[in-house]
Amino acid sequence: MPLLDIQDLKVSFHSRNGEVRAVDGVNIQVEKGEVVGIVGESGSGKSVTAYSLLGLIPMPPGKIEGGKALFQGTDLLSLGKKELNSYRGAKISMIFQDPMTSLNPYLKVSTQMIEPLEIHENLSTKRALHRAIESLEQVGIPEAQKRIHSYPHEFSGGMRQRVMIAMALITKPDLLIADEPTTALDVTIQKQVLDVIRDLQKDTGTSVIFITHDLAVVHEMCDSVNVMYAGRVVESAPASELISNPLHAYTQGLYRSNPSNTAKGQDLHTIPGLPPDLAKLPPGCSFRPRNTLGDPSLCLTDRKPELVEYSESHFVQNCPGCLARPEPSEPTTHA
Amino acid sequence: MNSSTHTATGEDPTQAEAGHSLWQDAWYRLRHNRAAMVSCVILTAIFVLCFIVPIFPLIDDPAAIELSEKNKGPSASHWMGQDQLGRDLLARILHGGRISILVGLITTAVSLTIGVAVGSIAGYASGRIDALLMRAVDVLYSLPFLIIVILFSAVARGQTDALTAWLADNTPLQYDAIAPFTGLLPLFIAIGALSWLNISRIVRASVQNISNQQYVEAARSLGLSHTRILLRHIIPNAIGPIVVYATLTIPSVMLFEATLSFLGIGVQPPHSSWGILIKDGAERLLSNPLLLLFPSTFFTLTLLSLNFLGDGLRDALDPKSSKD
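So the sequences go chain by chain: A and B.
Residues in the first sequence are numbered consecutively from 102, following our numbering.
Residues in the second sequence are numbered consecutively from 1425, following our numbering.
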């Protein structure tokens, strides 16, 4: 049994333009000790998927329409507030995108780090403080003993993200959700923070859901990857397999739009257009209008493509247009 | 991990000193605001004069009448002269100041308590609870404030007299010592219960704003209860505007007490407050202008200082809005 088994999750938001189906039937499994990546553009539903696990979707306007999220056999989506609070921060923790705003500016770092221990493990302040210092040392904060009594604004962005990581892992959770943890950081710091997460993950055996839009990061961090587009998983495979053999036109597009995968002097590939309006999704393949690498004329127009197993543990949406591989010589019109 | 530790050490070697809280920063900015610091000194002086000096037998009994000496100007024994009944004006001003300041502090405390509670719950809970509380506030806003206060203090007068008598009988307190304060209880309650409306709106707005911050989301993701999030993570962050508004509420409440006393429903003679002294002085403006001048000087100084202090606090707590 996987540690976390998300089955057919559907989340929608009510907006002025009608019902927005942010997540539409997502299946994701996370094994114990595995790092699972969720990749996609902004608005593809990757964060909403993760947030709904912890009940962090604002309701209203959000609504979980259906599906299950079995965590160690318990359906997280059916838990009450109190029960959910005993999971949050204890068994499942989260790291957020912007470290500059995710720490309370008026409280010392020590106070904030002790809080989860006080709540979930009933530790005395002294012992909790000891654990907090240990945990800061683990994420590579120098002079943790002193720095723990500082306020958040006295830390740099990278340091704050380290504090957040330390705080999320202080209770030794079984699952860590990292929501674009490096997006708001300097490129020079990104690598360090990724290393910290990777090292701690290896040491503690915590499973990680790693949300990002950077395929390069995925390659480095994750064991398996789910590519999301318009609220659905379009491709899911082990990381190395996905990088070496991307099947779906969207995955290929993402991969090719990374400068390091493009030869010098060659134009960088871009995926034209914008993600579709989730309130007015066409009935067929939602990637059709932006599909320049496959053959949009073959894309499904009458029904949503299903996720099928293409080769061993490599799943992809079986939309003939997105899977089509025309001759590479064909120029990409919008590139 | 080793490599990252090394680079991290080089990041900010000077910052490893003891932490500076945002409050310490605000205090630093406040200290460099001359108007606010002068106001602080004046307020402290007035506070000492009104509350500490009268404990010692340095000034006369404010109720001692010397009809032969009425309306006399300042002299060595009566620094600010004597009023229309020959009472020492300085003593009356200091004793009256006690009441005026107490009215300001207590009613502000009452309205802060109610306002912060209602505003933060409305702002944090949002949805139906928010709508309900805020419509209640709207209804209260539309009530004629002055008439309610007048009616309430008239209705409650009997009860407060009974309370004063009970306290005098059952505690070592002297009837005369507590009468001026218990007599004001209906005022405290009425003003406090109606002046929290503005505060609740201000608090609601900033709590709403703070609730959307990511650290509140992070707190929720750590499994903190609503109460804990509200009390530890949201209200402390909203306290800046609350403090500022409180310092600006005190003078407005004191002004209101003066208005009520001027109308004859505030403090009852023989006790005085600055409002009553100003009213008495205004009635005798032509015969003895000093009777108006001295109390209004104290009153104005206090109000101005409080306003300057509030202004300074606003600048100190919200560095974005200040010039430096």
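Heads up, the beta-carbon is just placed ideally off N, CA and C, and yes, glycines get one too.
Predicted model only: the values in this text are computed from it and were never measured.
- Item | Three-way DSSP call (helix, strand, coil) for Asn118 (chain A) in this model | coil
- Reduced DSSP category for Thr1595 (chain B) - H, G, I as helix; E, B as strand; rest coil: coil
- What's the call for Ser1711 (chain B), buried or exposed, on a 16-neighbour Cβ count within 10 Å? exposed
- Counting contacts by CB-CB distance shorter than 7 Å, is Gly190 (chain A) in contact with chain B? yes
- Report the residues of the stretch 1629-1657 of chain B with a CB closer than 9 Å to any CB of chain A, ordered along the chain. Result list: Gln1637, Gln1638, Tyr1639, Val1640, Glu1641, Ala1642, Ala1643, Arg1644, Ser1645, Leu1646, Gly1647, Leu1648, Ser1649, His1650, Arg1652, Arg1656 and His1657.
- CB contact check: Phe197 (chain A) to chain B, cutoff 7 Å: yes
- Query: Between Lys133 (chain A) and Leu171 (chain A), is the Cβ-Cβ spacing less than 7 Å?
  - Reply: no
- 8 Å Cβ cut-off: residues of chain C touching Leu1446 (chain B): As a matter of chain content, chain C is missing from the structure shown, whose protein chains are A and B.
- Can a CB atom of chain A be found closer than 7 Å to the CB of Asn1661 (chain B)? So yes, Asn1661 (chain B) belongs to the interface.
- Determine the burial state of Met102 (chain A): buried for a count of at least 16 other Cβ atoms within 10 Å of its Cβ, exposed for fewer. Met102 (chain A) should be labelled exposed.
- Where does Asn1765 (chain B) fall in DSSP's three states? Beyond the ends of chain B as shown, which are 1425 and 1748, falls residue 1765 (chain B); an answer cannot be given.
- Query: Counting Cβ pairs, one atom from each stretch, are 3 or more of them under 8 Å apart for the stretch 255-269 of chain A and the stretch 234-247 of chain A?
  - Reply: yes
- Cβ neighbours of Val1477 (chain B) in the same chain (closer than 7 Å, five flanking residues each side left out): Ile1483 and Leu1518
- Message: Can you tell me whether Asn346 (chain A) is buried or exposed? The criterion is at least 16 other CB atoms within 10 Å of its CB, across all chains shown.
- Response: exposed
- Task: With distances taken Cα to Cα, identify the nearest neighbour of Leu1575 (chain B) among B:Ala1549, B:Arg1458, B:Ile1615 and B:Ile1553.
- Result: B:Ile1615
- Item | Host alpha helix (DSSP H) of Gly1520 (chain B) (start-end) | Leu1513 to Ala1549
- When DSSP builds the beta bridges, which residues end up paired with Pro339 (chain A)? Bridge partners of Pro339 (chain A): A:Ser325.
- Beta-carbon gap between Pro1450 (chain B) and Phe1732 (chain B) smaller than 7 Å: With the sequence shown as reference, residue 1450 (chain B) is identified as Ala, and Pro is not the correct amino acid for it. Cβ distance not < 7 Å, so Ala1450 (chain B) and Phe1732 (chain B) don't count as in contact.
- Query: Taking 7 Å as the CB-CB cut-off, is Asn223 (chain A) touching chain B?
  - Reply: no
- Message: So Ile220 (chain A) contacts chain B; which residues on that side make the cut at Cβ distance below 9 Å?
- Response: Leu1646, Gly1647, Leu1648, Ser1649 and Arg1652
- May I ask you to verify whether the stretch 276-294 of chain A touches the stretch 309-322 of chain A, counting CB pairs closer than 8 Å and requiring at least 3? The stretch 276-294 of chain A makes contact with the stretch 309-322 of chain A, as at least three CB pairs between them are under 8 Å.
- Query: Can you round the beta-carbon distance between Val1561 (chain B) and Leu1621 (chain B) to whole angstroms, since I take them to be within the 8 Å contact cut?
  - Reply: 5 Å
- Per-residue contacts from Pro217 (chain A) into chain B (C-beta, under 9 Å): Taking the beta carbon of Pro217 (chain A) as reference, the chain B residues within 9 Å of it are Leu1646, Gly1647 and Leu1648, listed in sequence order.
- Query: According to DSSP, is Asn1661 (chain B) helix, strand or coil?
  - Reply: helix
- Do the stretch 1586-1605 of chain B and the stretch 1622-1638 of chain B touch if we need at least three Cβ pairs shorter than 8 Å? no
- Message: Against chain B, does Leu155 (chain A) count as a neighbour if the rule is that its beta carbon must be under 7 Å from one of theirs?
- Response: At least one C-beta of chain B is nearer than 7 Å to the C-beta of Leu155 (chain A).
- Message: Among A:Gly258, A:Ser203 and A:His349, whose alpha-carbon lies nearest the alpha-carbon of Val334 (chain A)?
- Response: A:His349
- Using only alpha-carbon positions, find the residue among A:Val417, A:Cys420, A:Leu185 and A:Asn118 that is nearest to His221 (chain A). Among A:Val417, A:Cys420, A:Leu185 and A:Asn118, the Cα nearest to that of His221 (chain A) is on A:Leu185.
- Can you name the residues of chain B whose CB is closer than 8 Å to the CB of Ser194 (chain A)? Ser1645 and Leu1646
- Message: With H, G and I counted as helix, E and B as strand and the rest as coil, what does DSSP make of Val264 (chain A)?
- Response: helix
- Task: With hydrogens ignored, establish whether the beta-carbon of Phe1605 (chain B) is closer than 6 Å to any heavy atom of the ligand ATP.
- Result: For the ligand ATP, the structure offers nothing, since it holds no ligand at all.
- Message: Quick check on DSSP: helix, strand or coil for Ile193 (chain A)?
- Response: Three-state result, Ile193 (chain A): strand.
- Can you list the beta strand (DSSP E) stretches of 3 or more residues lying completely in the stretch 153-197 of chain A, in chain order? 163-172 and 193-196
- Query: Using the C-alpha atoms, what's the distance from Ile1634 (chain B) back to Pro206 (chain A)?
  - Reply: 11 Å
- Task: On the DSSP bridge assignment, give the partners of Ala279 (chain A) in chain order.
- Result: A:Ile196 and A:Phe311
- Phe197 (chain A) to Lys227 (chain A) span [Cα, whole Å]: 27 Å
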